[in-house]
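Residue numbers (full-length UniProt numbering): 1 to 239.
Beta carbons: idealized from backbone N, C-alpha and C, even for Gly.
The structure displayed is predicted, hence computed values, not measured ones.
Before any comments, here is the structure.
Dropping the structure here:
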């Protein structure tokens with residue numbers, strides 16, 4: 001399938017990206033190669049690139065073998081059939097708005113009941129940390145709840161805390177023998193974390209973790225809006 005764009009920019013900015021598309025029912029559709037538009041005027045390089053990792057201006061050049069384990073979709077995270085869904089929770093673990101509320105609603109009372117048990121034992125979940133519960137009625141086995149940082153201009157270790165969200169979620173996934181895991185765009189909603197920086201952190205942290213040949217075979221980034229979706233495709237395409 002070809003992604004069409006105005007002729008004046010197609011020659012400069014299109015490259016092949018493997019992504020998963022969400023159909024009208026938001027169920028996963030088979031993967032295929034599409035033409036995605038990268039909204040920059042830099043020279044193109046293949047998403048598969050050289051099979052090594054190096055740092056370039058703070059970014060990771062990602063192994064093609066790792067890129068094969070990363071997927072980007074736009075849709076509803078509660079509809080995915082994966083082993084674990086990551087929830088962008090708040091420290092109370094009692095549910096809230098956005099993806100947090102959607103996961104609690106779709107998963108049902110079982111999720112909240114286990115969250116309450118965790119609260120009673122340890123008093124909630126601190127920013128950057130993660131806990132795991134059942135997935136209730138969801139198609140996943142587990143929900144991994146992590147608390148992202150509220151953006152305060154970068155003055156309160158927000159970057160490091162968001163990095164911890166991804167690391168601790170992946171660590172719990174491995175401990176629970178999770179092979180396929182999905183992430184939302186943590187902290188980019190009402191917590192106001194800059195989307196471009198959050199995208200960089202998400203992809204870099206996942207890529208670094210996957211270098212260790214963990215049991216994780218697939219990481220799916222589930223984007224709620226076009227801006228995040230486009231940003232993830234651009235960042236992966238450039239690295």
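Review point. If residue 100 and residue 142 are in contact, beta carbons under 8 Å, what's the gap, nearest whole angstrom?
Key: Locating residue 100 in the chain shown gives position 100, counting from the first residue. Locating residue 142 in the chain shown gives position 142, counting from the first residue. About 16 Å separates the two Cβ atoms, so there is no contact after all.
Review point. Just to confirm, are residue 106 and residue 96 a CB contact at a threshold of 9 Å?
Key: Sequence index remark: in the chain shown, residue 106 carries index 106 (1-based). Sequence index remark: in the chain shown, residue 96 carries index 96 (1-based). Taking 9 Å as the Cβ cut-off, residue 106 and residue 96 do not qualify as a contacting pair.
Check your understanding: So residue 128 and residue 164 are in contact, right, with Cβ under 8 Å, and what is the actual spacing, rounded?
Key -> The residue you call residue 128 lines up with position 128 of the chain shown. The residue you call residue 164 lines up with position 164 of the chain shown. Confirmed, about 4 Å.
Practice item. Starting from the C-beta of residue 86, find all residues in its chain whose C-beta is less than 7 Å away, skip the five residues before and the five after it, and write them out in chain order. Key: Counted from its first residue, the chain shown places residue 86 at position 86. Counting only Cβ-Cβ distances below 7 Å, and skipping sequence neighbours, we find 144, 146, 169, 181, 182, 183, 184.
**Study point:** Helix, strand or coil at residue 209 according to DSSP, with G and I counted as helix
**Key:** Residue numbering aside, residue 209 sits at position 209 when the chain shown is read from its first letter. Note: residue 209 maps to helix in three-state DSSP.
Check your understanding: Whose C-alpha, out of 98, 93, 137, is nearest the C-alpha of residue 110?
Key -> Taking the first residue of the chain shown as 1, we reach residue 110 at position 110. For residue 110, the nearest C-alpha among the options comes from 137.
Point to revise | residue 226 to residue 74 span [Cα, whole Å] | key: For this step, residue 226 is matched to residue 226 along the chain shown. For this step, residue 74 is matched to residue 74 along the chain shown. Residue 226 and residue 74: Cα-Cα distance of roughly 8 Å.
Check your understanding: Which one of 134, 176, 178, 197 has the shortest CA to CA distance from residue 159?
Key -> As a position in the chain shown, residue 159 is number 159, starting the count at 1. The option with the nearest alpha carbon to residue 159 is 197.
Point to revise | Minimum Cβ-Cβ distance from residue 111 to chain B less than 9 Å | key: The question asks about chain B, but that chain is absent: this structure has only one protein chain.
**Study point:** DSSP state of residue 218 mapped onto helix, strand, coil
**Key:** On the chain shown, position 218 is the one that residue 218 refers to. In the structure shown, residue 218 sits in a strand (DSSP, three-state: E or B).
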